[in-house]
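Right, one structure below, let's go through it.
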Amino acid sequence: MQVVAAVNCGAVVFRVPPPIRPGSVVAIVAPSSPVATFQELFRGLAWLRTRYTLRISGRILGRAGYLAGDDRDRADDLAHAMLDPTVDAIVCARGGYGAMRIVDALPWDDFERRPKWILGFSDVTALHAVANRRNIASIHGPNVTGLGRSISPAERLSVIGALEGLALHASWSGLDVINHGRAEGPLVGGNLALVAAMAGAGEFTVPDGAILVLEDVTERPYRIDRMLTTLRLGGHLSRAGGVVFGGFDQCEPGPDRVTVAQVLRELTQGLGVPVVAGAPFGHGSPNEAFVLGQNAVLEGSVLRFV
Numbered sequence: 176m177q178v179v180a181a182v183n184c185g186a187v188v189f190r191v192p193p194p195i196r197p198g199s200v201v202a203i204v205a206p207s208s209p210v211a212t213f214q215e216l217f218r219g220l221a222w223l224r225t226r227y228t229l230r231i232s233g234r235i236l237g238r239a240g241y242l243a244g245d246d247r248d249r250a251d252d253l254a255h256a257m258l259d260p261t262v263d264a265i266v267c268a269r270g271g272y273g274a275m276r277i278v279d280a281l282p283w284d285d286f287e288r289r290p291k292w293i294l295g296f297s298d299v300t301a302l303h304a305v306a307n308r309r310n311i312a313s314i315h316g317p318n319v320t321g322l323g324r325s326i327s328p329a330e331r332l333s334v335i336g337a338l339e340g341l342a343l344h345a346s347w348s349g350l351d352v353i354n355h356g357r358a359e360g361p362l363v364g365g366n367l368a369l370v371a372a373m374a375g376a377g378e379f380t381v382p383d384g385a386i387l388v389l390e391d392v393t394e395r396p397y398r399i400d401r402m403l404t405t406l407r408l409g410g411h412l413s414r415a416g417g418v419v420f421g422g423f424d425q426c427e428p429g430p431d432r433v434t435v436a437q438v439l440r441e442l443t444q445g446l447g448v449p450v451v452a453g454a455p456f457g458h459g460s461p462n463e464a465f466v467l468g469q470n471a472v473l474e475g476s477v478l479r480f481v
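Be aware that the sequence shown starts at 176, since it is given in my numbering, and climbs by one per residue.
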C-alpha cells in the first residue's frame, strides 16, 4: 500500500493514506454511541454503497447503555478494520460518546505502518487526535448517520473528494473575522470537548504553527469558556498559528445572557494570530469534510486548502 508523505508545518510531516476509488472496500464500524435513528443509518449506508463496497460490522446495531457495545467488542471491530489489508477506508456510524474509552486498546503502531483513511467527526475526534499525534492524516466529516440526513450535494462531494484525493473545494470564504492576519500550517482539532479531553489525557497537542479547527454542540457558553481555557493553560492555543471555529449549534446562553460568540472572541482575540468563525463544519448544516493534517492558508476571511 503506497503512502504519500506531505510536508506541512516546520518539521511536522503528516502521512496521507492512499486515496480510495469507486469500488474500494469501506469498513463501517461503531466505536462510540449506539445508532439512534436506523433510517438515517440505512440511508447513509445506501448512499455509500452507490460508490463503494461496504463491509459492515455485525455489531453495528449493538447497544450497551450509552455505548454501541462493550469496550472490547467496539475495540475489536475497529482494530480489525484498521489492520485488514483488504479494507481501504473506515467510516464511523455515528458519534456520541465512547471512542475515547478504547483508543488505548487499538493497534496504532501497526496502523501507523499501513495507515488508511478514518472518516467521522464529533466523538470520532478521539480517533483523529491519536492518529494526528502520530502524524497520520484523517478526515473530519459526516458519520454514516449524517450522510443519511438531507445534506447538500456539496457536503456529499466533499466526502468523496477527501476520500478519493480530489480537489473538489479549494477554499472556504466569507468567514467571520475575529483577528486579522495570515497563517499557514496543517489543520488539527475537531470537536472542542474531545480536543480538550484528549489534551488533558496527553493524547492531543497542537504542533507549532498549526491551524486549530474547533466545533461543538449543546454546550453552554461557560463550558465553551472552560474548554478553551483548558487549551490555553495547556499551551495549545499559544502554539497555534491560527484558529478556525466551525458551528457551535444549540450552544444557547444561560440566564447571564453571555453568547458563545462573545466567548469565542474574548478568549482568542488576544492570541496575536488570525482567528475566524462560521466555517462550514460541525453538528449543524453544512458539515463539509476536510482532511486533518492537510496544509491550509488562513488569511482574512478565507481559508484556502493547499
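Note that CB positions come from ideal geometry on N, CA and C, so glycine has one too. Treat the numbers as computed from the prediction; the structure is a model and nothing was measured.
Inset, instruction - Just mark PRO317 as buried or exposed, buried being the case when its beta carbon has 16 or more other beta carbons within 10 Å. - result: Walking along the sequence shown from the start, residue 317 turns up at place 142. The residue is buried, with at least 16 neighbouring Cβ atoms inside 10 Å.
Legend entry - Endpoints, beta strand (DSSP E) assigned at HIS411: For this step, residue 411 is matched to residue 236 along the sequence shown. Careful: HIS411 lies outside any beta strand (DSSP E), inside the alpha helix (DSSP H) at 411-414.
Inset, instruction - Evaluate contact between the stretch 320-334 and the stretch 403-412, counting only Cβ atoms and requiring at least three cross-stretch pairs below 8 Å. - result: With the cut-off at 8 Å, the stretch 320-334 and the stretch 403-412 do not touch.
Legend entry - Reduced DSSP secondary structure (H/G/I, E/B, other) of SER346: For the purposes of this step, residue 346 is identified with residue 171 of the sequence shown, where counting begins at 1. Strand, per DSSP.
Legend entry - Cβ pair TYR241, SER208 closer than 8 Å: Indexing the sequence shown from 1 puts residue 241 at position 66. Indexing the sequence shown from 1 puts residue 208 at position 33. Result yes, Cβ atoms of TYR241 and SER208 sit closer than 8 Å.
Legend entry - Among PRO194, VAL210 and ASP246, nearest to ALA264 - alpha-carbon criterion: Here residue 264 refers to the residue found at position 89 when the sequence shown is read from its first residue. Nearest C-alpha to ALA264: PRO194.
Inset, instruction - Report yes if the CB atom of HIS336 is closer than 8 Å to the CB atom of ALA342, and no otherwise. - result: Reading the sequence shown from its first residue, position 161 is the one you call residue 336. Reading the sequence shown from its first residue, position 167 is the one you call residue 342. Residue 336 is actually Gly in this sequence, not His. For GLY336 and ALA342, yes; Cβs fall inside 8 Å.
Legend entry - Own chain, CB closer than 6 Å to LEU294, minus 5 neighbours either side, in chain order: Here the question's residue 294 lines up with position 119 in the sequence shown. Excluding sequence neighbours, LEU294 sits near VAL266, ILE314 and GLY316.
Inset, instruction - Would you decide whether PHE213 is buried or exposed? Buried here means 16 or more other CB atoms lie within 10 Å of its CB. - result: Taking the sequence shown and counting its residues from 1, the one referred to as residue 213 is at position 38. It is exposed - the Cβ of PHE213 has fewer than 16 other Cβ atoms within 10 Å.
Legend entry - Complete beta strand (DSSP E) runs within the stretch 371-402 (minimum length 3 residues, chain order): 386-392
Inset, instruction - Using alpha carbons as the reference points, say which of GLY417, THR434, THR380 and GLY429 lies closest to ARG479. - result: As a first step, residue 479 is located in the sequence shown; it is residue number 304 there, counting from the start. Here the closest residue by C-alpha is GLY417.
Inset, instruction - Just grab the DSSP bridge partners of ILE235 for me. - result: For the purposes of this step, residue 235 is taken as residue 60 along the sequence shown, with counting starting at 1. Paired residues: none, contrary to the question.
Inset, instruction - Report all residues from its chain with a CB closer than 6 Å to the CB of GLU463; omit the five preceding and five following residues, and keep chain order. - result: To locate residue 463, count along the sequence shown from 1; it is residue 288. Counting only Cβ-Cβ distances below 6 Å, and skipping sequence neighbours, we find GLU330, SER333, PRO455 and PHE456.
Legend entry - Given LEU229 as reference, the closest of HIS255, VAL262, ASP245 and ALA374 once Cα atoms are compared: Along the sequence shown, one-based indexing puts residue 229 at 54. Here the closest residue by C-alpha is VAL262.
Inset, instruction - For ASP279, count neighbouring Cβ atoms within 10 angstroms of its own Cβ and tell me buried if that reaches 16, exposed if not. - result: Taking the first residue of the sequence shown as 1, we reach residue 279 at position 104. Exposed, because fewer than 16 other Cβ atoms sit within 10 Å of the Cβ of ASP279.
Inset, instruction - Ignore the nearest five residues each way along the sequence and tell me which others in MET275's own chain have a CB closer than 8 Å to its CB. - result: Along the sequence shown, read from residue 1 onward, the residue named residue 275 stands at position 100. Only ASP298, ALA301, LEU369, ALA372, MET373 and ALA376 meet the Cβ criterion.
Inset, instruction - Inspect the beta-carbon positions of VAL419 and ALA385 and report whether they are closer than 8 Å. - result: For the purposes of this step, residue 419 is taken as residue 244 along the sequence shown, with counting starting at 1. For the purposes of this step, residue 385 is taken as residue 210 along the sequence shown, with counting starting at 1. Cβ distance not < 8 Å, so VAL419 and ALA385 don't count as in contact.
Legend entry - Segment contact flag, the stretch 235-254 with the stretch 434-446, C-beta cutoff 8 Å, min 3 pairs: no
Inset, instruction - Pull up the DSSP beta-bridge partners for ILE365, would you. - result: Here residue 365 refers to the residue found at position 190 when the sequence shown is read from its first residue. Note on residue identity: the sequence assigns Gly, not Ile, to residue 365. Partner(s): LEU389.
Inset, instruction - Tell me whether ALA189 sits in a helix, a strand or coil according to DSSP, three-state version. - result: By 1-based counting over the sequence shown, the position of residue 189 is 14. Reading off the sequence shown, one finds Phe at residue 189, where the question assumed Ala. Strand at PHE189.
Legend entry - Buried versus exposed call for GLY475 [16 or more other C-beta atoms within 10 Å across all chains shown]: Working through the sequence shown from its first residue, we reach residue 475 at position 300. So GLY475 ends up on the exposed side.
Inset, instruction - Have a look at GLU378, GLY453 and GLU394 and flag the residue whose alpha-carbon is nearest the alpha-carbon of CYS426. - result: Stepping through the sequence shown from its first residue, residue 426 is reached at position 251. Checked all of GLU378, GLY453 and GLU394; the closest Cα to CYS426 is GLU394.
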